[in-house]
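Peer 1:
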Amino acid sequence: MITDAHKTTPLPALMALCLSLGAMFNVTTQTAEASSAMTSTQATAETLSSKQQAIPLIAAFMATSDMPNLNTALNQGLDAGLTVNETREVLVQLYAYVGFPRSLNALNELMTVVQARKQRGIEDVPGREPGRVIPTGDELLTTGTANQTKISGAPVKGPVFEFAPVINRFLQTHLFGDIFERDNLDWQSRELATVGALAATPGVESQLRSHMLASLRVGLSATQLRQVTEQLKKHGDAQTAERANTALAQALAASGK
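The opening residue of the sequence shown carries number 1 in UniProt numbering; numbering runs sequentially from there.
#1: Within the same chain, show all residues whose beta-carbon is closer than 7 Å to that of Thr240, passing over the 5 residues directly before and after it, in chain order.
#2: Can you give the beta carbon distance from Arg209 to Gln250, rounded, assuming they're within the 8 Å contact cut?
#3: Closest to Leu110 by CA distance: which of Leu74, Val125, Leu252 is it?
#4: What is the DSSP secondary structure of Phe176, counted as helix, strand or coil?
#5: Taking Cβ to Cβ, would you say Asp178 is nearer than 9 Å to Leu140?
#6: Between the beta-carbon of Gln188 and the beta-carbon of Gln52, is there less than 9 Å?
#7: Would DSSP call Gly81 helix, strand or coil?
#8: Are there three or more Cβ pairs, one per stretch, closer than 8 Å when the region 56-72 is compared with the region 90-107?
#9: Classify Phe180 as buried or exposed, calling it buried when 16 or more other Cβ atoms lie within 10 Å of its own Cβ.
#10: Touch check for the region 143-161 and the region 98-118: three-plus C-beta pairs under 8 Å?
#11: Grouping DSSP H, G and I as helix and E and B as strand, with all else coil, what is Glu123?
#12: Using the three-state DSSP reduction, which class does Asp138 fall into: helix, strand or coil?
#13: Could you check what DSSP says for Glu181 in three-state terms: helix, strand or coil?
#14: Can you list, in chain order, the residues of its chain whose CB lies under 6 Å from that of Gly236, leaving out five sequence neighbours each side?
#15: Among Gly99, Ala45, Thr87, Asp66, which one has its Cα closest to the Cα of Ala54?
#16: Look at the Cβ atom of Ala247, then the Cβ atom of Glu205, and state whether they are nearer than 9 Å.
#17: Write down the C-beta distance between Asp183 and Pro101 rounded to the nearest angstrom, noting that I regard them as a contact closer than 8 Å.
#18: Give the straight-line distance between the Cα atoms of Leu67 and Arg120, rounded to the nearest whole angstrom.
#19: In the DSSP assignment, find the unbroken alpha helix (DSSP H) run with Glu230 in it and report its ends.
#20: Does Gly153 come out as helix, strand or coil in the three-state DSSP assignment?
#21: Which same chain residues end up closer than 6 Å to Thr145 when comparing Cβ atoms and leaving out the 5 residues on each side of it in sequence?
#22: Just verifying my parser: in three-state terms, what is the DSSP assignment at Val27?
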């Protein structure tokens, strides 16, 4: 199954979307850091749940195509109570940050893990499908723009969007509309996944810092995010943990925490 996924060629337009995500967060960092409004979608807690701890590791190993460690992390996440649909949603969302080939390979690995667990007598909870009706047309653009503004901390503007306005429309309608309106995975989990994937990806440090700030906006605490860096250090590699730790320190300084 993994061999088939490697042969998949992402569509040019969607690859442009993936590559431009980093540009969007880089452009909006200064505006977002200046915003004093910290929007939360959930109550802030002091520690990550076992399910939450598994998400950044799954994302990091997906981003590096480390299938043996991804297999372990997927098993640990399911053992901790992640449903199959929640885990699948993490891997689907991350195509926007690390590309379709890695997402497809990781989904194949999740299928392998679930099947192997079933053969061992483990019946994983499927979990729920999205229950919210995703809007279309102008309503989708309005909804996605509102989500983008909330997560970014301010309306997204900048030279890159003046140069290529269509990319922001793709972001607003697809990423922040089609994907972030899917309510079978909460925004805290989505940000934990994004942080894990970006921390494992060299060269996107400014985007990682922006997502640390976004994590604070959706209700994750500084203590919880420090747990993320500790998890990455314990189970990942030193460079991934260092990037996460540096980005978190910068985000906390920018937010006055």
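Backbone N, C-alpha and C fix where the C-beta goes; we use that ideal spot for every residue, glycine too.
Peer 2: Per the coordinate set shown:
#1: Ala60, Ala199, Ala200, Leu232
#2: 5 Å
#3: Leu74
#4: helix
#5: yes
#6: yes
#7: coil
#8: yes
#9: buried
#10: no
#11: coil
#12: helix
#13: coil
#14: Ala60
#15: Thr87
#16: yes
#17: At roughly 27 Å, the Cβ-Cβ gap does not stay under 8 Å, so Asp183 and Pro101 are not in contact.
#18: The displayed chain sequence assigns Met, not Leu, to residue 67. About 20 Å.
#19: 222-235
#20: coil
#21: Gln172
#22: With a pLDDT of 43 at Val27, under the threshold of 50, the predicted position of this residue should be treated as unreliable, though the coordinate-derived value follows. Three-state result, Val27: helix.
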